Amino acid sequence: MKKFKKLFILFSSCFLLSNSVSLMSSNINYKEKDTENLLILSELMRLKRLQNVQQFFKKKLYIKDLYNRKLLVIATKSAYSIIDFKTLITLETRFETLELNNNANFIYIPGLGLYEEKDNNLINISNNEIFSKNHFIKNVLPINIPNDNQFINKQKEKREKEINTFSLYKSNAERPNFPKLDYVGNNKFNVSHVVPNAWWFSTRNNYEKSGYIDYQGNGLCEYVALSQLLLYNHLFVDSTIFSKLDYDKYFILKDSEKDINDSSPVFRFAKHNLNNENVDNSLAFTLFKEGGYNYDLKTSSVLWNTTEKILKNNINNWKLDGKYGGYYKAWEYVKKGIPSVLTTALGDGYGHSYLVYGYDDNSDMFLVSECFPNKSYTTTLYSYWNFAWGSHFFTIESTKENKSLKKLFSYKNKLYDGKEITKIVEEVK
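Read in order, the letters of the sequence shown are residues -25 to -1, 1 to 404 in mature numbering (1 follows the signal peptide of the UniProt record, and there is no 0).
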């Protein structure tokens, strides 16, 4: 897994209707102008809804992907979205400032972001890594988005709904059709669905909290994601994932006096851990070792095997599930309140695994953590339709009738179990 800086992030903007006229390009027809207006206005309203932070339109830019698909980039001062012009689907949103030379030739690589084309090479605008164009053509298939009129009209309706249900002239509009769930705390996110205790995934924002490690320059995202999924279930669902011996081996509890988001146990032996302990003893590396030192997994079978070895005698308390068709199954499980590991298979060396813990029906986007040790990576949004041609998922579900939780959180010198701490998270001011 290449460590690309590839976040699909939330931003917001206040954008007056009268301003949209000045954004028109003189070389597109009136129908395309109408589409452009709709995309710009609705995208800014969508992002305002999602983050609930006011920003301002900066620029737009028409680009193509590898297969000549027409895309529209919409940017504010601190973030940008990439939209498929024909189907009206937002493919990617990033939390970073976009500085582009209007005279350069930019190409979008699904899941890997924007690249500048020079001499038949592609240069990543975030980290300046260089690849041949043919390498991507060989390994990255076209985005598989429905393009029939019924699908496109549905996307148009969603964008019109964004505009009509969020006032252009008020910062706090009444919005009966959308939940007011921007995550500023209290286990709340401004998307249509999240799993219980979603706050926990969004706060895994440093090395020890995320359990992040890498191996010989390769990120072990599948195993970092799996380690978080296992710990989540041990903390919030049923404390039978780990034996006491294994739990004490892989995790440590540090009392939080001030910030309840720091009340959770953290991973021992993570990369750059405070005690400079060997990452080979970490849970993620143990899973990697049990998985035969395989990474960039193209199926979920390795995750099955490694999870069974962790569960040991408690295997009958849990149902494991994982297969191809990850997008739909991940969506189904989130609807049931169960997070999943979603892995995208892009070709040799370009896979990545995410923890899916929410989704937004109104904009067809998953809410995921990319499992990197930074807060920018824990509330990622990206389109259901991105990568739909190659993905697999893995999750576990408790089958035990009488579940029990141990008091494994520490807040202000008092111990709490997962349900108790989430209740405090939801009430704390």
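Think of the CB as a built atom: it goes at the ideal place given N, C-alpha and C, for glycine as much as any other residue.
Quick caveat: nothing in here was measured; it's all calculated off a predicted structure.
Closer than 8 Å by C-beta to residue i: which residues in its own chain qualify, once you throw out the five before and the five after it? Chain order, please.
i, result
"Asn96", "Ile105, Phe106, Ser107, Lys108"
"Asp323", "The predicted model places Asp323 with a pLDDT of 47, which falls under 50 and marks its position as unreliable; any figure quoted below should be read in that light. Closer than 8 Å at the Cβ level, and outside the excluded window around Asp323, lie Asn114, Asp271."
"Met(-2)", "At Met(-2), the pLDDT of 38 sits below 50, so the modelled position is not reliable; the number obtained from the coordinates is stated separately. Answer for Met(-2): Lys8, Glu11, Asn12, listed in chain order."
"Lys61", "Arg44, Lys45, Asn122, Ile127"
"Leu14", "Leu47, Ile49, Ile58, Phe60, Leu63, Arg134"
"Lys131", "Leu13, Leu63"
"Asn253", "Phe244"
"His168", "Val309, Lys310, Gly333, Tyr334, Asp335, Asp336"
"Glu290", "The sequence shown places Ile at residue 290, not Glu. Around Ile290: Glu283."
Exposed or buried, what is residue i when buried is set at 16 or more other beta-carbons lying within 10 Å of its beta-carbon?
i, result
"Glu220", "Here residue 220 turns out to be Leu, not Glu, going by the sequence shown. Answer is exposed; the Cβ neighbour count stays below 16."
"Pro117", "exposed"
"Glu137", "buried"
"Pro151", "Unreliable positioning characterises Pro151 in this predicted model, as indicated by a pLDDT of 28, which lies under 50. The coordinate reading is nonetheless provided below. Burial call: exposed."
"Ala79", "exposed"
"Ser238", "buried"
"Lys284", "exposed"
"Thr374", "exposed"
"Asn208", "buried"
Are residue i and residue j close, meaning C-beta to C-beta below 8 Å?
i, j, result
"Leu295", "Trp279", "yes"
"Lys52", "Thr72", "yes"
"Glu67", "Tyr334", "no"
"Lys287", "Ser218", "yes"
"Ile227", "Val241", "yes"
"Ala173", "Tyr329", "no"
"Ala50", "Lys39", "no"
"Tyr302", "Phe176", "no"
"Tyr225", "Leu258", "yes"
"Val170", "Pro314", "yes"
"Trp293", "Glu372", "yes"
"residue 408", "Thr353", "The shown model of the chain, from -25 to 404, leaves out residue 408, and the question about it has no answer."
"Asn77", "Tyr90", "no"
"residue 468", "Lys23", "The chain is shown from -25 up to 404; residue 468 falls before or after that span and cannot be answered."
Can you name, in chain order, every residue of its own chain whose Cβ lies under 6 Å from the Cβ of residue i, other than the five neighbours on each side?
i, result
"Asn161", "Glu401"
"Ser275", "Gly297, His367, Phe369"
"Asp392", "Leu380, Lys382"
"Arg56", "Inspection of the sequence shows that residue 56 is occupied by Ser rather than by Arg. If we look at Ser56 and ignore the five residues flanking it on each side, its Cβ neighbours are Glu18, Ile49, Thr65, Thr68."
Within the same chain, show all residues whose beta-carbon is closer than 7 Å to that of residue i, passing over the 5 residues directly before and after it, in chain order.
i, result
"Tyr144", "With a pLDDT of 36 at Tyr144, under the threshold of 50, the modelled position of that residue is not reliable, and the figure given next carries that caveat. Nothing listed; no residue qualifies."
"Leu41", "Ile82, Ile84, Phe111, Ile112, Val115"
"Asp230", "Ser385, Asn388"
"Leu195", "Ile188, Asp189, Ala259, Phe263, Tyr270"
"Thr120", "Thr is not the amino acid found at residue 120; the sequence shown has Ile there. These residues qualify, in order along the chain: Asp59, Thr62, Ile64, Trp360."
Is the shortest distance between the beta-carbon of residue i and the beta-carbons of chain D less than 8 Å?
i, result
"Leu46", "The chain labelled as chain D is not found in the depicted structure, where only one protein chain is given."
>> If we require 4 or more residues per run, which alpha helix (DSSP H) segments fall completely within the region 83 to 131?
In response: 108 to 114
> Mind pulling the beta strand (DSSP E) runs of 3 or more residues that sit fully within the region 284 to 357?
Replying inline: As far as the region 284 to 357 is concerned, its whole beta strand (DSSP E) runs of at least 3 residues are 293 to 299, 315 to 319, 327 to 335, 340 to 344.
> Hey, is the region 342 to 357 in contact with the region 181 to 195, meaning 3+ C-beta pairs nearer than 8 Å?
Replying inline: By the criterion of at least three beta-carbon pairs nearer than 8 Å, the region 342 to 357 is in contact with the region 181 to 195.
> Touch check for the region 228 to 239 and the region 255 to 274: three-plus C-beta pairs under 8 Å?
Replying inline: no
> Which runs of the alpha helix (DSSP H) fall wholly inside the region 202 to 288 and span at least 4 residues, in chain order?
Replying inline: 219 to 225, 258 to 265, 276 to 286
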